[in-house]
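Comments concern the structure below.
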Amino acid sequence: MGVALGRNKGPVPGSWTEVGGPSKRKLGCAEAARTLPPCSVLASMSFVPVAEDSDFPIHNLPYGVFSTRGNIPPGSFPDPRPRIGVAIGDQILDLSVIKHLFTGPILSGHQDVFNKPTLNSFMGLGQAAWKEARAFLQNLLSASQARLRDDVELRQRAFTSQASATMYLPATIGDYTDFYSSRHHATNVGVMFRGKENALMPNWLHLPVGYHGRASSVVVSGTPIRRPLGQMRPDDSKPPVYGACKLLDFELEMAFFVGPGNKLGEPIPISKAHEHIFGMVLMNDWSARDIQKWEYVPLGPFLGKSFGTTISPWVVPMDALMPFAVSNPEQDPKPLPYLCHDQPYTFDINLSVALKGEGMSQAATICRSNFKYMYWTMLQQLTHHSVNGCNLQPGDLLASGTISGPGTARGMGTALASASVREKCCLPSRSPEVLSALPETPDWHATLSTSLGGPGSSAQVPLSRLGHKQRGHCRLSSFTHAGLWTWKHTCGHARL
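FYI, the numbering for the sequence shown is 889 to 1384, going by this note's numbering.
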């Protein structure tokens, strides 16, 4: 079964490279973005052909790691080396080929980072280097710049069709932490297990709750996930049993990659946290609910989570997301001083999940949410993670936790949460049987997507896309939803 996520087009700021951390931006940037040109104008800003409905305009430029092992155009040669690229139109700009062009004050001495098979070294250079690279790439790819535009030989070596590329994990993930930062999700789960009066644990409103996940089983979109085996106790009156998970679930999440990080024993203050966040990906935190239920007391998730976590291959830089910053929900009680922002903000990112399974002619949306509903922000998550002196490193992955919104089950970020509260989802022809049968279906896949901006957005610029057509595999792609940007991520399939 497939989970489809929305497609959005949205605003683009006039000067993305000048947007910095919270000290350099105000929440009014979303209003300013509404005056930006439509897709037809933005598509002409680069000499690289970019369709009006492309997910990779010059204002996006996400980073990824790719190779060209096969399916290459005539006259080209396969290159099995994983290497760093930037997406533009339907092409990938190979940064290892043009590394000698990075002659800015920082990158001129670090051109070798673009020869690496992962983004870790580049992430570790810090925010000033990221901004320098983004400004240079936007200038290099602009229609008015001849340096790459008119060098036919260099262009032939530097550009690769996305259709001929194999994508990899963008970074070597040394450590992975999953938070539990949606108040709506924490409340929904708490009601199920402890009742309405004790829905939130006493610590939840005072700190970003998280757990240490399994980094080795984080995989890139396109990697199949096998339905896990384990212990379960479906009947509390009988002994546990061993077998294949029957309650396999998805969790709609987003995650960010850590940049420079910190030394052991030296916490990152919240005023500096934005300098350590490189960019964001979509994430599916696969969950074996029956295994998880039996094992999680007293130490929390283990085998019910560690069998696989899927992320999108393209990392969208924070400067590409800052125009969609909005005020964070009010936090009451006020957090302790080390968790207090000068300018608390989050991002207006619409999310939806749709299922398409056997016997269904089209996908059906089962939930909608928005990243702006998250109670704890990324800056608070990173700061709290390091407050005890824990050292974060370039390429570490920090995830949001399930992103649920207010209201009915359609605002939840998982299938089983929706089923557990017994609310009907509007599935064509087979509601509610499709939803309740989802976890036991032997072969299904999940697509996660986001749409940036809001109903007031007018510029027609989609955020990012990557299409892998293999049935049941993960992909990053999108479909049109007027007025918003979209980022769509199909998160694999599971088999018995």
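Just so you know, even glycine gets a beta-carbon here, dropped at the ideal spot from N, CA and C.
Problem set entry | Reference L1152, options S1292, T1065, N1216, G1277, closest by Cα | Residue 1152 sits at position 264 when you count from the first residue of the sequence shown. It is G1277 whose Cα lies nearest to the Cα of L1152.
For this session: Please report how far the alpha carbon of E1041 lies from the alpha carbon of R971, in whole angstroms.
Result: For the purposes of this step, residue 1041 is identified with residue 153 of the sequence shown, where counting begins at 1. For the purposes of this step, residue 971 is identified with residue 83 of the sequence shown, where counting begins at 1. Between E1041 and R971, the C-alpha separation is close to 20 angstroms.
Problem set entry | Spatial distance of E1163 from R1045 (CA atoms) | Working through the sequence shown from its first residue, we reach residue 1163 at position 275. Working through the sequence shown from its first residue, we reach residue 1045 at position 157. So the two alpha carbons sit approximately 33 angstroms from each other.
For this session: Would you mind sorting H1100 into buried or exposed? The rule is 16 or more other CB atoms within 10 Å of its CB.
Result: If you number the sequence shown from 1, residue 1100 lands on position 212. It counts as exposed.
Problem set entry | C-alpha gap between L989 and D1000, whole angstroms | Here residue 989 refers to the residue found at position 101 of the sequence shown. Here residue 1000 refers to the residue found at position 112 of the sequence shown. Distance between the alpha carbons of L989 and D1000: 12 angstroms.
Exercise. So which of P1205, M1080, A1176 has the shortest CA-CA distance to A1143?
Worked result: For the purposes of this step, residue 1143 is taken as residue 255 along the sequence shown, with counting starting at 1. Nearest of P1205, M1080, A1176 to A1143, Cα basis: P1205.
For this session: Measure how close the beta-carbons of Y951 and L1007 come, nearest whole angstrom, since I'm counting them as under 8 angstroms.
Result: Looking up residue 951 in the sequence shown gives position 63. Looking up residue 1007 in the sequence shown gives position 119. Right, their Cβ atoms sit about 6 angstroms apart.
For this session: Whole angstroms is fine: what's the gap from E940's alpha carbon to G1083's?
Result: The residue you call residue 940 lines up with position 52 of the sequence shown. The residue you call residue 1083 lines up with position 195 of the sequence shown. Looking at the two C-alpha atoms, the distance is approximately 50 angstroms.
Problem set entry | According to DSSP, residues forming a beta bridge with C1255 | In the sequence shown, counting from the first residue as 1, residue 1255 sits at position 367. Residue pairing for C1255: DSSP places it in a beta bridge opposite V1241.
Exercise. With respect to the alpha helix (DSSP H) encompassing H1073, which residues constitute its N-terminal and C-terminal limits?
Worked result: For the purposes of this step, residue 1073 is taken as residue 185 along the sequence shown, with counting starting at 1. Residue range 1071-1082 is occupied by the alpha helix (DSSP H) that includes H1073.
For this session: Rank L1013, Q1219, Q1119 by C-alpha distance to the C-alpha of R1177 and give the top, closest one.
Result: Walking along the sequence shown from the start, residue 1177 turns up at place 289. The residue with the shortest Cα to Cα distance from R1177 is Q1119.
Exercise. CA-CA distance, F1010 and S1292?
Worked result: Walking along the sequence shown from the start, residue 1010 turns up at place 122. Walking along the sequence shown from the start, residue 1292 turns up at place 404. The straight-line gap from Cα to Cα measures roughly 33 angstroms.
Exercise. Any idea what DSSP makes of Q1050, helix, strand or coil?
Worked result: Locating residue 1050 in the sequence shown gives position 162, counting from the first residue. When DSSP states are grouped into helix, strand and coil, Q1050 belongs to the helix group.
Problem set entry | Segment limits, beta strand (DSSP E) that includes F990 | The residue you call residue 990 lines up with position 102 of the sequence shown. No beta strand (DSSP E) holds F990; DSSP gives it neither H nor E.
For this session: Please report the residue range of the beta strand (DSSP E) in which F1145 lies.
Result: Within the sequence shown, numbered from 1, the residue matching residue 1145 stands at position 257. Here the beta strand (DSSP E) through F1145 covers 1140-1146.
Exercise. Between the C-alpha atoms of Q1026 and F1047, what's the straight-line distance to the nearest angstrom?
Worked result: The count along the sequence shown starts at 1 and reaches residue 1026 at position 138. The count along the sequence shown starts at 1 and reaches residue 1047 at position 159. Roughly 15 angstroms separates the two Cα atoms.
For this session: Compute the beta-carbon to beta-carbon distance between V1108 and T1197, rounded to the nearest angstrom, for a pair I have assumed lies under 8 angstroms.
Result: Translated into the one-based positions of the sequence shown, residue 1108 becomes position 220. Translated into the one-based positions of the sequence shown, residue 1197 becomes position 309. Their Cβ separation, rounded to whole angstroms, is 11 angstroms, which puts V1108 and T1197 out of contact at 8 angstroms.
For this session: Quick one: grab the DSSP three-state call for I1179.
Result: For the purposes of this step, residue 1179 is identified with residue 291 of the sequence shown, where counting begins at 1. DSSP places I1179 in helix when its eight states are reduced to three.
For this session: Answer with buried or exposed for E1085, where buried requires no fewer than 16 other C-beta atoms within 10 angstroms of its C-beta.
Result: Counted from its first residue, the sequence shown places residue 1085 at position 197. So E1085 counts as exposed.
For this session: Could you name the residues that DSSP lists as bridge partners for P1205?
Result: Along the sequence shown, one-based indexing puts residue 1205 at 317. DSSP lists G1167 as partners of P1205.
Exercise. Cβ atoms of G1149 and D978: under 8 angstroms apart, would you say?
Worked result: Along the sequence shown, read from residue 1 onward, the residue named residue 978 stands at position 90. Along the sequence shown, read from residue 1 onward, the residue named residue 1149 stands at position 261. With contacts defined by Cβ atoms closer than 8 angstroms, D978 and G1149 do not form a contacting pair.
Exercise. Taking the C-alpha atoms as reference points, what is the distance between I1156 and P968?
Worked result: Translated into positions along the sequence shown, residue 1156 becomes position 268. Translated into positions along the sequence shown, residue 968 becomes position 80. So the two alpha carbons sit approximately 38 angstroms from each other.
For this session: Specify the secondary structure class of R1114 as computed by DSSP and reduced to three states.
Result: On the sequence shown, position 226 is the one that residue 1114 refers to. Residue state, collapsed to three classes: strand.
For this session: With DSSP collapsed to three states, give me the class of Q1033.
Result: In the sequence shown, counting from the first residue as 1, residue 1033 sits at position 145. In the three-state DSSP reduction, Q1033 falls in the coil class, being neither helix nor strand.
Exercise. What separation, rounded to the nearest whole angstrom, lies between the Cα atoms of S1324 and L1135?
Worked result: In the sequence shown, residue 1324 corresponds to position 436, counting from 1. In the sequence shown, residue 1135 corresponds to position 247, counting from 1. Legend: pLDDT at S1324 = 39, less than 50; position of this residue unreliable, no value from coordinates given.
Exercise. Closest to P1116 by CA distance: which of C1133, A1103, P1127 is it?
Worked result: On the sequence shown, residue 1116 is found 228 positions in, with the first residue counted as 1. Checking every option, the nearest Cα to that of P1116 belongs to C1133.
Problem set entry | Residue environment, P937, which counts as buried when at least 16 other CB atoms sit within 10 Å | The residue given as residue 937 occupies position 49 in the sequence shown. Result: exposed.
For this session: Report the option in F954, W1182, P993 whose CA atom is closest to the CA atom of K1126.
Result: Taking the first residue of the sequence shown as 1, we reach residue 1126 at position 238. Nearest option by C-alpha distance: W1182.
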